[in-house]
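Below: the structure, in structure tokens.
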Amino acid sequence: MHTNIDDLTAFFNLLNSLTALIAKLNVRQENARKKAIELYNLGSFQASERYLNIGAAAGDRACQYALGEVLRRQHGSITEEAKTAYRLAAAQEDVYALLRLGDHQSLDQARQLLLPRIEQRDGEALLQMYELTKDITWLKQSARTRFPEAMYILALEYDRDSSLLLPGENAGELIDLWLERAAHVNFPLAMNWYTNRQKVTTFPSLRREWLEKTAALNDLYGVLKYGFALGHGESGGDPEYGYKKNYPLSYALISLVVNSAPEYQLHNSAALFLDELGKAMSQQEIDLALKVAQTWKDSHPPLSENRLTYHGI
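With full-length UniProt numbering applied, the sequence shown corresponds to residues 1 to 313, in that order.
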């Protein structure tokens, strides 16, 4: 059999071109996936939907579940479109997607997926079993494994329902206990709440320490609170936390929130405060603040609301 060398060359050139094209598509899909999750975590649901569709179509389970969540939020219920996204994630054994679907078959599948993980005392599986059954025993077991979301949710439940208390138990003490434990493993929702508990507010330096730790994780609310605190106080000190004025850092932090999260519920308040700060600053101070903002952005994880994965949303 005779093979023309020119035909072989053309074939290999075509193969290389296809390989390069696939690589470019994979890079674009990965970039879209990262962008989708970042926007979703920011609470920028409208902006994230386009990118989530790309990630979901590429088979990314996190994007499929997040897309279902976005569609559910938009319509205030689980529509057929949302179910389609959840089903894609559920086909990859996403337990939360199965819980959202909520039909008998899905819930039974979720239970079967959880059982072997529960035998291993997997904290997330124990929390998911709580979400499936609403039996507080599972939530307590999950919290005892120090799974962050479970510790925070247990504090929420004690705050919400006093009937959960056993004889001799004190709701305030239990809330403080679980919030403190969750805060110490850097769970931002717990850190934000714990910062406002009397156990902490009594000690201003401790309260500042927790606020700064939360902001350092680039938690959206923590960054905004820190920025507000640094920019408040006519007499040179913030009345809530006791910070001295630091307009450049305040401007830097609040500008990050304003520019990154236009759908954030506190965006308008942040934008108004930023505008007022700008009026009190020189152009040189604003330029410095923008450099500080860029440095902060480059040296921290992406801003995030750090919402709960499933509970109560």
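Ideal Cβ placement from N, Cα and C applies to all residues, glycine included.
Owing to the predicted nature of the structure, the values given are computational and were not obtained by experimental measurement.
- Here aspartate 219 is bridged, per DSSP, to Ser304.
- Annotation for alanine 261: no alpha helix (DSSP H) segment contains it, and DSSP assigns it neither H nor E.
- When Ile254, Gln283 and Gln284 are compared, the shortest CA-CA separation from phenylalanine 273 is found for Ile254.
- Serine 48 and alanine 261 have their C-alpha atoms spaced approximately 11 Å apart.
- Around the CB of serine 299, fewer than 16 other CB atoms lie within 10 Å, so the residue is classed as exposed.
- Contact between threonine 214 and threonine 195 holds: CB atoms are separated by about 7 Å, below the 8 Å threshold.
- In the three-state reduction of the DSSP assignment, lysine 134 falls in the coil class, being assigned neither a helical nor a strand state.
- Within the same chain, and ignoring the five residues on either side of leucine 308 in sequence, the residues whose Cβ sits closer than 8 Å to its Cβ are Glu149, Tyr152, Ile153 and Leu189.
- Separation of the CB atoms of arginine 111 and leucine 132 is rounded to 6 Å, and the pair is thereby assigned contact status at 8 Å.
- By the neighbour-count definition (other C-beta atoms within 10 Å, threshold 16), arginine 50 is an exposed residue.
- Using a Cβ distance threshold of 8 Å, glycine 43 and glutamate 263 count as a contacting pair.
- For threonine 202, the three-state secondary structure derived from DSSP is coil.
- Within a 10 Å sphere around the beta-carbon of leucine 52 sit 16 or more other beta-carbons, which makes this residue buried.
- In this structure, leucine 101 places its C-beta atom within 8 Å of the C-beta atom of alanine 90.
- Taking all protein chains shown into account, glutamate 157 has 16 or more neighbouring C-beta atoms within 10 Å of its C-beta and is therefore buried.
- Contact between aspartate 159 and isoleucine 175 holds, since their C-beta atoms are separated by about 6 Å, short of 8 Å.
- CA-to-CA, the gap between aspartate 275 and leucine 266 works out to about 14 Å.
- Secondary structure within the region 37 to 106: the alpha helix (DSSP H) runs of 4 or more consecutive residues, fully enclosed, are 45 to 57, 61 to 75, 80 to 90 and 95 to 101 (chain order).
- Around the CB of proline 248, 16 or more other CB atoms lie within 10 Å, so the residue is classed as buried.
- In the three-state scheme derived from DSSP, where H, G and I count as helix and E and B as strand, proline 167 is classed as coil.
- If you check the CB distance, tryptophan 193 and leucine 211 do not come in under 8 Å.
- Here the C-alpha atom of leucine 290 lies approximately 38 Å from the C-alpha atom of glycine 59.
- The Cβ atoms of tyrosine 243 and alanine 252 do not sit closer than 8 Å to each other.
- Residue burial annotation: glycine 222 is buried, with at least 16 other C-beta atoms found within 10 angstroms of its C-beta.
- Short of 6 Å from the beta carbon of alanine 66, and not among the five residues preceding or following it, lie these beta carbons of its own chain, in chain order: Tyr40 and Leu52.
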